[in-house]
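Structure first, commentary second.
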Amino acid sequence: MASLADHIERYIESLIAEGEGVAEIQRALIAELFRCAPSQVTYVISSRFSPERGYIIESRRGGGGFIRLTKVSLDSENVRDVLNDVGSHLSQGESYAYLERLLEEGHLDERTYAVMRAALSRNSLTIGLPDRDLLRANIFKVMLNAYFSVEEKGE
């Protein structure tokens, strides 16, 4: 059985699809619709519509406030922005979310996805934190740069 968070996520995804990649929502209205606390909506937005999953989140607070969610495709033009977002440290979960996004958008096939995921796994990076997340970020950036430079040459 799907959780409340799953239902809220699907609802927001449908709004984004209807808006051709953009949705402006009001947290209180969604909370009222699903009979939950606004903090539950905030949780769904922050955990399931993050930059590594391909979303830009903008918000305006106040009585007429809104949250704007924009779905952004990952391509060679905006890969630099993603690399900047990654920063110096990257958790296993964050790296997997980026890889899933690449897979969903058709940039990776299943085999390449599996190889990259294995390379970024805590089982492969057998050093302690925070050095492991630092190393993972560096490996991820190098793989992404190499991947998109090869993809551009192939087009």
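Our numbering numbers the first residue of the sequence shown as 1303 and each following residue consecutively.
Cβ coordinates follow ideal geometry from the N, Cα and C atoms, glycine included.
Just so you know, these numbers come straight off a predicted model, no measurement behind them.
- Within the model, the alpha-carbon separation for residue 1372 versus residue 1325 is close to 7 angstroms.
- Here DSSP, grouped into helix, strand and coil, assigns residue 1429 to coil.
- CA-CA distance, residue 1331 to residue 1403, rounds to 29 angstroms.
- At a Cβ-Cβ threshold of 8 angstroms, residue 1369 and residue 1359 count as neighbours.
- One Cα belongs to residue 1333, the other to residue 1305, and the distance between them is close to 14 angstroms.
- The residues 1441 and 1445, in chain order, have a CB closer than 8 angstroms to that of residue 1421 in the same chain once the five nearest residues on each side in sequence are set aside.
- By the criterion of a C-beta distance shorter than 7 angstroms, residue 1323 is surrounded in its chain by 1372 and 1373, once the five residues flanking it on both sides are discounted.
- Put simply, the backbone Cα of residue 1437 is about 26 angstroms away from that of residue 1375.
- Contact holds between the stretch 1380-1400 and the stretch 1415-1435, because three or more Cβ pairs, one in each stretch, are under 8 angstroms apart.
- By the Cβ-count criterion, residue 1439 is buried, with 16 or more other Cβ atoms from all chains shown falling within 10 Å of its own Cβ.
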